[in-house]
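Going by this note's numbering, the sequence shown opens with residue 16, and the numbers climb by one from there.
Glycine is no exception: its CB is placed at the ideal position from the N, C-alpha and C atoms.
Source: prediction; values computed, not measured.
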Amino acid sequence: MKSNKIIFFFLAVFAFTSCKKENIEPIEMPDGLYAIWVENGYSEEISIFKKVSEFDADKYGFQILGRGKFVERKNSGWCATPPIAYINYEGKWSKLTDSLINVETEYWGGTMFFQLEIVSINENELKVRYNYQND
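So, in structure tokens, the structure goes:
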């Protein structure tokens, strides 16, 4: 009888601790990163973006949203000869370090993976280096 009580006690403890709701903390990123960023130039291997209120109809850009949502505005097909048609592709992102983000996003040919390395950020400008995965 005593062993049944011990077994019941451990089962009860296990049941209550295994059903504990997990707290999901928001992902902390540099101030101002959650925004729409439109391509504004480049310098060597660094892409320069400016913060805007909406996507430019004729330029590459992306939006970083909370909960790991990523929207990338890029060419809608394989041909990059002007005039280029742009559309928004849904994707997701995750934080690797304070300055490195993993991105998975769609494109006209399927799914692509890359990393955004944040070189610098201020109120209106973001500089990143793209690191493409060779899979």
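Non-local C-beta neighbours of Y145 in its own chain, meaning closer than 6 Å and more than five positions away in sequence, comprise F129, ordered along the chain. Between K84 and Y101, the C-beta gap is not smaller than 8 Å, which leaves the two residues out of contact. When the beta-carbon positions are compared, K65 and E140 come within less than 8 Å of each other.
If you compare the alpha carbons of S114, I133, W108 and W52 with that of R82, the shortest gap goes to W108. Note: Q130 is bridge-paired with N117 and N146 in the DSSP secondary-structure output.
When C-alpha distances from Y122 are compared across E132, W93, D113 and G76, the shortest belongs to W93. Taking the C-beta atoms as reference points, V118 is found no nearer than 8 Å to S62.
Going by C-alpha positions, E132 is about 5 Å away from L115. Beta-bridge partners of Y101 (DSSP): N90. For K66, the enclosing beta strand (DSSP E) starts and ends at I61 to V67. Looking at I99, G106 and L111, the one whose alpha-carbon comes closest to that of A72 is I99.
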